[in-house]
Structures are given as structure tokens and as C-alpha cells.
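Have a look at the structure below, then the notes.
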Amino acid sequence: MIRNTSFLSTTEPSVKTLGIAWKPAEDIVTFKISITEKASYTKRDVLSVIARLYDPLGFIGPVITKAKMFLQKLWQLKVNWDDKLPEPLVKQ
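Just so we're on the same page, my numbering is the position in the sequence shown counted from 1, plus 191.
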């Protein structure tokens, strides 16, 4: 026997699966990314933020790629792990 099943829930505003929130009523996928404001950032801080971006379906792949390109630039400039980032790079 086949039962009618609805994945839309009026009591639950969003459904979380694999760490990704989906709002079925609006058909929107949301990501929660928290970046703490600091007076100065280091290469270690940049890598920490990139490592927290979890995207198993590849929805924010372009954002992650841009962040990794920024980290690559830090490597090319030979910025040490705990050195403050130069001001022009912080603005990026």
C-alpha cells in the first residue's frame, strides 16, 4: 500500500540534513557561517574560516574557491602563520 507523504511541515520552518538547512515552504537552502570580528587577522585565522565551510553538495563552491585563492596569495607572499595580514589584504 502506498501512503501519501508530505515533506512540507507547517510546524518546522526548516529541515536540516548534512548540516545544511532547507526551508521547504520557500524551497531555499541556507548556510550558517560565523566569522568573528577581530582587530587583526592571521593566515591561521583565514584557514580556520575556510575549514569551517562545509558544503557536501557544492552549492557554495565558488565562494570556497575564492577563499582558497586568497589563502594561496598569502602563501605566495610568504606570510607566516601568526603574522598579522597586511592592510591591503585585510580589505579584500
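Positions of the beta carbon are idealized from the N, C-alpha and C atoms, including for glycine.
**Report entry** Anticipated Cβ contact below 8 Å, T221 with A230, distance rounded
**Finding:** With 8 Å as the limit, T221 and A230 do not qualify as a contact, their Cβ atoms being about 29 Å apart.
Requested in this report: Please go through the same chain and pick out, in chain order, the residues whose beta-carbon is closer than 6 Å to the beta-carbon of G249, but skip the five residues on each side of it.
Outcome: Once the five neighbours on either side are set aside, G249 has no close Cβ partner at all.
**Report entry** Residue interval of the alpha helix (DSSP H) (run including A242)
**Finding:** Start and end: K234 to R243.
Report task. For L268, count neighbouring C-beta atoms within 10 Å of its own C-beta (all shown protein chains included) and say buried if the count is 16 or more, exposed if not. Result -> Exposed, because fewer than 16 other Cβ atoms sit within 10 Å of the Cβ of L268.
Query raised in the report: With distances taken from CA atoms, which of W266, P215 and L238 is nearest I226?
Result: Comparing Cα positions, the closest option is L238.
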